[in-house]
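Enquirer: Chains as they are written, first to last, in this note's numbering: chain L, -14 to 225; chain P, 68 to 506.
Beta carbons: idealized from backbone N, C-alpha and C, even for Gly.
The model shown is predicted, which means the values in this text are computed figures rather than measured ones.
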Amino acid sequence: MAVFWDALKEAVSLLVRGDHYVYEVIWMSLRVAGVATVLGVLVGVPVGAWLGLRKFRGWGVAATFLNVGMMLPPVAVGLFVFLLLSRQGVFGSLNLLYTPAAMTVAEFLIAAPVIGAITMSGVGSVPKEVRLQALGLGASRWQSLWVVLREARVTLLSAVVAGFGAAISEVGAVMMVGGNLSSGGHNLTGTMTTATMMLVRQGKYAEAMAFALILLFIAFLITLALTYLQRGVRRRWLQS
Amino acid sequence: MKDPQQTLAAGERAPLAIEAEGLVKKYGGRPVLSVERFEVREGEVLAVLGPNGAGKTTLFRLLALLEQPDSGWIKYAGVPVDVRSLEARRRTAAVFQRPVLFQGSVEDNVALGLRFRRLSSRAAKDKVRSVLELLGVSDLASRDVRSLSGGELQRVALARALAVDPAVLFLDEPTSSLDVHVRRRFREDIRRVTQELGLTVVIITHDHNEALALAHRVAVMHEGRVAQVGTPDEVFLSPATPFVADFTGAETIWRGRVVSCLREICVIRTSDGVMLEAPGELSLGEEAVVVIRPEDVALSLLDGGPGRSGDLADNSDSLGLHAFASGALTPRAGDVLTPRAGDALTPRAGGAGASSVRNRWKGVVDSVAPAGPLVRVVVRLDGSEGGAQASCQARFGGEGEVISLITRASAEELGIAPGKRVMASVKAAALHVIAGRHA
Chain L
-14 MAVFWDALKE AVSLLVRGDH YVYEVIWMSL RVAGVATVLG VLVGVPVGAW LGLRKFRGWG
46 VAATFLNVGM MLPPVAVGLF VFLLLSRQGV FGSLNLLYTP AAMTVAEFLI AAPVIGAITM
106 SGVGSVPKEV RLQALGLGAS RWQSLWVVLR EARVTLLSAV VAGFGAAISE VGAVMMVGGN
166 LSSGGHNLTG TMTTATMMLV RQGKYAEAMA FALILLFIAF LITLALTYLQ RGVRRRWLQS
Chain P
68 MKDPQQTLAA GERAPLAIEA EGLVKKYGGR PVLSVERFEV REGEVLAVLG PNGAGKTTLF
128 RLLALLEQPD SGWIKYAGVP VDVRSLEARR RTAAVFQRPV LFQGSVEDNV ALGLRFRRLS
188 SRAAKDKVRS VLELLGVSDL ASRDVRSLSG GELQRVALAR ALAVDPAVLF LDEPTSSLDV
248 HVRRRFREDI RRVTQELGLT VVIITHDHNE ALALAHRVAV MHEGRVAQVG TPDEVFLSPA
308 TPFVADFTGA ETIWRGRVVS CLREICVIRT SDGVMLEAPG ELSLGEEAVV VIRPEDVALS
368 LLDGGPGRSG DLADNSDSLG LHAFASGALT PRAGDVLTPR AGDALTPRAG GAGASSVRNR
428 WKGVVDSVAP AGPLVRVVVR LDGSEGGAQA SCQARFGGEG EVISLITRAS AEELGIAPGK
488 RVMASVKAAA LHVIAGRHA
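1. Which residue wins for smallest C-alpha separation from residue 49 (chain L), given the options L:13, L:106, L:170?
2. If we cut at 7 Å on Cβ distances, does residue 125 (chain L) have a partner in chain P?
3. Decide if residue 192 (chain L) is buried, meaning its Cβ has at least 16 other Cβ atoms within 10 Å, or exposed.
4. For residue 113 (chain P) versus residue 162 (chain P), is the C-beta spacing smaller than 7 Å?
5. Report the residue ranges of all alpha helix (DSSP H) runs contained in full by the stretch 263 to 288 of chain P; include only those spanning at least 4 residues, in chain order.
6. Output, in sequence order along the chain, the residues in the stretch 182 to 202 of chain L whose CB is closer than 9 Å to any CB in chain P.
7. Could you list the residues in the stretch 273 to 303 of chain P with a C-beta less than 7 Å from some C-beta on chain L, going in chain order?
8. Between the Cα of residue 150 (chain L) and the Cα atoms of L:125, L:123, L:97, L:174, which residue gives the shortest distance?
9. Looking only at its chain, what residues have a beta carbon closer than 8 Å to the beta carbon of residue 70 (chain L), apart from the 5 residues adjacent to it on each side?
10. Kindly say whether residue 26 (chain L), judged by its beta-carbon, lies nearer than 7 Å to any beta-carbon of chain P.
11. In whole angstroms, give me the CA-to-CA distance for residue 134 (chain P) and residue 315 (chain P).
12. Let me make sure I understand the geometry here. Which of L:178, L:25, L:-13, L:8 has the alpha-carbon closest to that of residue 201 (chain L)?
13. I'd like the span of the beta strand (DSSP E) that includes residue 508 (chain P), first residue to last.
14. Against chain P, does residue 33 (chain L) count as a neighbour if the rule is that its beta carbon must be under 7 Å from one of theirs?
15. I want to verify the contact list: residues of chain P whose CB lies under 8 Å from the CB of residue 128 (chain L), in sequence order.
16. Using alpha carbons as the reference points, say which of L:-3, L:93, L:124 lies closest to residue 155 (chain P).
17. Can you give, in chain order, each stretch of the alpha helix (DSSP H) that sits fully within the stretch 283 to 323 of chain P and has at least 4 residues?
18. Establish whether the CB of residue 113 (chain P) and some CB of chain L are separated by less than 7 Å.
19. Residue 485 (chain P) by DSSP, collapsed to three states: which one?
20. In chain order, what residues of the same chain lie with their CB nearer than 8 Å to the CB of residue 209 (chain P), ignoring the 5 residues before and after it?
21. In three-state terms, what does DSSP make of residue 474 (chain P)?
22. Since residue 198 (chain P) contacts residue 230 (chain P) with CB under 8 Å, what's their CB separation in whole angstroms?
23. Between which two residues does the beta strand (DSSP E) holding residue 342 (chain P) run?
24. Can you list, in chain order, the residues of its chain with a C-beta nearer than 8 Å to that of residue 219 (chain P)? Leave out the 5 residues immediately preceding and following it.
25. Tell me, please, whether the stretch 295 to 310 of chain P touches the stretch 263 to 272 of chain P by the rule of three or more beta-carbon pairs shorter than 8 Å.
26. The alpha helix (DSSP H) spanning residue 337 (chain P) covers which residue range?
27. For the alpha helix (DSSP H) holding residue 136 (chain L), just list the boundary residues, first then last.
28. Taking the C-alpha atoms as reference points, what is the distance between residue 203 (chain L) and residue 211 (chain P)?
29. Please report whether the beta-carbon of residue 121 (chain L) lies at a distance below 7 Å from any beta-carbon of chain P.
30. Per DSSP, which one or two residues make a beta bridge with residue 80 (chain L)?
31. Can you tell me the Cα-Cα spacing of residue 6 (chain L) and residue 95 (chain L), whole angstroms?
32. Quick check on the burial criterion: 16 or more other C-beta atoms within 10 angstroms. Buried or exposed for residue 402 (chain P)?
33. Measuring only the C-alpha atoms, how far is residue 115 (chain L) from residue 183 (chain P)?
34. Taking DSSP as the reference, what is the three-state secondary structure of residue 500 (chain P)?
35. Starting from residue 132 (chain L), find everything on chain P with Cβ-Cβ shorter than 7 Å and list it in chain order.
36. Who does residue 211 (chain P) pair with in a DSSP beta bridge?
Encoded structure:
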């Protein structure tokens, strides 16, 4: 138990002192996961909304594909991206392997299906009449789509948060394509998850604990924000 | 308030607001709608009446440009339109069966159609205030829609549709999601508002009372087709098919054949052997369906009792055919009677005494059930042959029986109860005969 408390104390001091390496890793994590989530929203929301609104030939296949995507084993995604970006891969010439860009691609591939699948179910559960009613009040196609998305906004918000959560907590794929590299005490491709793994292997429990604490804190912040947003939106409705 | 008949007369000359031809819509390969021609005139309230599954809502969605027909065309004010015609769709507004309100306040909802049209928020605010006032719900303006009752929701939905000043207002079963007492008031609101604004309205309903209360014209739908279009009087008093008769509340529907005719009065013998006289241009031997509305059937006691007839009996004969003296037939009437008529037609001797009523049948009260302020009495007629078997086969009101609506007071006074022997009488003018064979 003493190990635990020592690690915890040391972790807090690292964070308070503003250890350079620790902060670089935190920033890298947030940046990569943030960009991956934004890209995931740009792709996942339109695809999910489309599948949620339209039934067409092959819809079942497409929806299954999206749902399977949500369950993608990260290691498989990592291997996939690794092979594409490796020297012999299709995109080998871009020299992206072991860069933040590679990690962003991997996290995007993990976050996008999560965002897409939750959007699909959220949009799909908005009654068909909502869109017809919007059209029946003179909405253009786009305006009617906007109305449907607005009705599903709480679910959409959850989709974004779930996507970000999946991205920032990713280890396997990021490790494979990022490599958790550092040079001269400066972080290159380390994220909180991969760094924690390596540090534990090296017996550096304090630094590992610092990252674990930050990850926990982020999880807490996200949950808090989501709860507040949902409740806040509701409160605003009640007041207006 | 404008007189509906006057408005109608004006409507007859009014230009077409909506015109459609050859509309067909299929779902999953199954045709659910097939309408040869449909017209809505400017300024009229047109009710589309029919049972569930008749294609009413599909027709509404096509006419409102919410869905694309598989074939056929639609014109608004003479201009061809389809689902992509945004400007045309923006000249209409729709209220749905279940009020679909969007998350937010009442004001937000009512302003939505205006925001779609990019109206300035100041102008929108004024408009919202005025329509909420029109519907008497100004006090709800800032409420969250989730805190509203069903009646309030539907009123807000109507306000939201009216806010965009629609040239045509579509109402899809607007009152069917409401409780009965709220429904009546909301219906009255619809009537008041559409008259005040002189709107063109297409109202979908399965309730013939609603159609009667609101519409200048009624289109009755059956199995995806328009069975009849006409004024409420035409549709209710002269139904074109047995289905229309049944759906508009004529409960007694008999099939029969014309056995003799004289001076535009024909005798029809029903498949159950009941004889009756009806005015109309029919030819001898022709098949015909006889329609009798329950409120046109008067009852009187046959043996004992006060000897008064039910209060809905009307002893003046609008055809001017007089004279059934007790116990004897007038020569004129006698001419048209067939040999069987003596027993199947009226027992002129005894009973209710002298009357000009042409059709009187003896029978036994089968059942008595309250129907609002009235009582619904089913009388099994003596002359009928088929009995139970025939009535099982009957698709509409049982053959060999007649259904009457009388007031509770007269039912009590006459002591109407199952097993009582009564005489049912119907003026010939109150009969409606649909010539031809109908399934």
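Expert: Based on what the coordinates show:
1. Considering only alpha carbons, the answer is L:106.
2. Chain P contact via Cβ: present.
3. Buried: at least 16 other Cβ atoms inside 10 Å.
4. Judged by beta-carbon spacing, residue 162 (chain P) lies beyond the 7 Å limit of residue 113 (chain P), meaning their Cβ atoms are not closer than that value.
5. DSSP runs (the alpha helix (DSSP H)) wholly in the stretch 263 to 288 of chain P: 275 to 281.
6. Those would be none; no residue qualifies.
7. The stretch 273 to 303 of chain P vs chain L, Cβ under 7 Å: nothing.
8. Per the C-alpha coordinates, the member of L:125, L:123, L:97, L:174 positioned closest to residue 150 (chain L) is L:97.
9. Shown here for residue 70 (chain L): same chain residues with a beta carbon closer than 8 Å to its own, the five before and five after excluded, namely 76, 77, 79, 81, 82, 87, 90, 162 in chain order.
10. At least 7 Å separates the CB of residue 26 (chain L) from every CB of chain P.
11. Rounded to whole angstroms, residue 134 (chain P) to residue 315 (chain P) spans 29 Å at the Cα level.
12. Checked all of L:178, L:25, L:-13, L:8; the closest Cα to residue 201 (chain L) is L:178.
13. The requested residue 508 (chain P) is not part of the displayed model; chain P covers only 68 to 506.
14. Chain P, which has no Cβ nearer than 7 Å to the Cβ of residue 33 (chain L), makes this no.
15. At a C-beta separation below 8 Å, residue 128 (chain L) has these neighbours in chain P: 183.
16. Checked all of L:-3, L:93, L:124; the closest Cα to residue 155 (chain P) is L:124.
17. Runs of the alpha helix (DSSP H) inside the stretch 283 to 323 of chain P: 299 to 304, 309 to 314.
18. Answer no: the Cβ-Cβ gap between residue 113 (chain P) and chain L never drops below 7 Å.
19. If DSSP states are grouped into helix, strand and coil, residue 485 (chain P) belongs with coil.
20. So the qualifying residues of the chain are 172, 173, 174.
21. DSSP, read as helix, strand or coil, puts residue 474 (chain P) in strand.
22. At roughly 5 Å, the Cβ-Cβ gap stays under 8 Å, so residue 198 (chain P) and residue 230 (chain P) are in contact.
23. From DSSP, the beta strand (DSSP E) with residue 342 (chain P) extends over 342 to 346.
24. So the list reads 204, 207, once near-sequence residues are dropped.
25. Contact fails: fewer than three Cβ-Cβ distances are below 8 Å.
26. Here residue 337 (chain P) belongs to no alpha helix (DSSP H); instead the beta strand (DSSP E) covers 332 to 337.
27. Residues 126 to 136.
28. The straight-line gap separating the alpha-carbon atoms of residue 203 (chain L) and residue 211 (chain P) is approximately 33 Å.
29. Yes - at least one Cβ of chain P is within 7 Å of the one on residue 121 (chain L).
30. Residue 80 (chain L) is not bridged to any residue.
31. For the pair residue 6 (chain L) and residue 95 (chain L), the Cα-to-Cα distance works out to about 26 Å.
32. Reliability fails at residue 402 (chain P), whose pLDDT of 36 lies under 50, so the model's placement of it is uncertain and the value that follows must be treated cautiously. Classification for residue 402 (chain P): exposed.
33. If you draw a straight line from the Cα of residue 115 (chain L) to the Cα of residue 183 (chain P), it is about 15 Å long.
34. Residue 500 (chain P): strand per DSSP, three-state reduction.
35. For residue 132 (chain L), the chain P residues whose C-beta falls within less than 7 Å of its own C-beta are 169, listed in chain order.
36. Secondary-structure assignment with DSSP links residue 211 (chain P) through a beta bridge to P:172.
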